[in-house]
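Novice:
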Amino acid sequence: PDKEKLFLVLGLLLSGRISMGKAAELLNLRIDDLWLLMQKLGVKYPIIDEEEAEEEVNAYRRIFESSI
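In the working numbering, the protein residues as written are 298 to 365.
#1: When we look at the beta-carbon of I360 and count the other beta-carbons within 10 Å, is it buried (16 or more) or exposed?
#2: Grab the span of the alpha helix (DSSP H) containing V306 for me, first residue to last.
#3: Could you check the C-alpha separation between E349 and P298 for me, to the nearest Å?
#4: Would you kindly work out how many angstroms separate the C-alpha atoms of S300 and S363, rounded to a whole number?
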């Protein structure tokens, strides 16, 4: 993703205005790829609510089920 869009979306994510799933969607990334990118950039995102946890569990299930 281009830098401006990336930092705009990360700002929205970190301010709690959008979810991790929505941020990944806006950046055309999978959630796990967004996590890796944030890790590489040193961006910490410890805040996770129940909805986001459920989205992430479902995303990982889709990933692992499709690889079986």
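We put the CB at the ideal spot given by N, CA and C, even for glycine.
These figures come from a predicted structure and were not determined experimentally.
Specialist: Reading it off the structure:
#1: Burial call: exposed.
#2: Taken as a continuous stretch (DSSP letters only), the alpha helix (DSSP H) holding V306 covers K300 to L311.
#3: Take the alpha-carbon of E349 and the one of P298: they are about 22 Å apart.
#4: For the record, residue 300 in the displayed sequence is Lys; it is not Ser. Going by the C-alpha atoms only, they are around 31 Å apart.
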